[in-house]
Amino acid sequence: MIIPPLYGAVRTTKDGLETRYLVAYLGLAAVGMGSWCFHMTLQYEMQLLDELPMIYSCSVFVYCLFECFKSRNSYNYVLLVLLGLFSLTVTLVYLKWKEPVFHQVMYGLLVTFLVLRSVYIVTWVYPWLRGLAYTSLGVFLMGFLLWNIDNIFCDTWRNVRQTMPPVVGAVTQFHAWWHILTGLGSYLHILFR
-1 MIIPPLYGAV
9 RTTKDGLETR
19 YLVAYLGLAA
29 VGMGSWCFHM
39 TLQYEMQLLD
49 ELPMIYSCSV
59 FVYCLFECFK
69 SRNSYNYVLL
79 VLLGLFSLTV
89 TLVYLKWKEP
99 VFHQVMYGLL
109 VTFLVLRSVY
119 IVTWVYPWLR
129 GLAYTSLGVF
139 LMGFLLWNID
149 NIFCDTWRNV
159 RQTMPPVVGA
169 VTQFHAWWHI
179 LTGLGSYLHI
189 LFR
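Okay, structure coming up:
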């Protein structure tokens, strides 16, 4: 979630692509760095560095998908303002009301827009991109599924892991797979965009 997006940002700059792609790659790297900081410290402030960049970068991803049929180097200021206000509102509410479910629902709302827009694009406009779009979404959703399994069965799964050899216990850390798969799925989705 850090090195590949930074590479993508460098390539975007070298290839002269639009700023929105550079911001998308840097947003994914910011999520990776925030997540790294949170998991190293488990402090609330670092949790915000993990979770809020997910909202910001996903807003950039939504912007990129809704701007894929435009003339080069133009900006949709209305969409930028709407996504900026959405991100600001989520931030302010989340700072006051420290409820993780609120963050998850707002993030899920953005991901729903991404999925619906992606399906529209590969169904009606660029069908030759189906493989990349569906692979990125499938990898991301697999990470989401594993994260939910880990959340729902955390105590049971932790007890089962203690009976396994250390290597098996390590590769069954589904929260870690969530990070790996959502990072890869997001990276592939930036390539799709």
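Per our numbering, residue -1 is the first one in the sequence shown, and the count goes up by one each step. We put the CB at the ideal spot given by N, CA and C, even for glycine.
V8, enclosing alpha helix (DSSP H) - first and last residue: 1 to 12
Cβ separation of G141 and L179, assumed to be a contact under 8 angstroms, to the nearest whole Å: 3 angstroms
As assigned by DSSP and simplified to three states, the class of K96: coil
Counted within 10 angstroms of its Cβ, other Cβ atoms place C152 as buried (16 or more) or exposed: exposed
Residues near F100 by beta carbon distance below 7 angstroms, same chain, minus five either side: V91, Y92
Contact between the segment 40 to 59 and the segment 95 to 112 (3+ Cβ pairs under 8 angstroms): yes
Proximity to Y124 [Cα-Cα], best of F172, W176, C66, T154: C66
Length of the line joining the Cα atoms of A27 and P3: 6 angstroms
Contacts around G6, its chain only, beta-carbon distance under 6 angstroms, and the 5 residues preceding and following it disregarded: Y23
Alpha carbon of L63 to alpha carbon of F36, nearest angstrom: 29 angstroms
R9 to V21 span [Cα, whole Å]: 12 angstroms
For F172, the nearest candidate out of A131, Y73, L139 (CA to CA): L139
Limits of the alpha helix (DSSP H) - the one that M52 falls within: 42 to 64
Q160, DSSP secondary structure in three states: helix
V79 versus T133: straight-line alpha-carbon distance, rounded: 31 angstroms
As assigned by DSSP and simplified to three states, the class of Q102: helix
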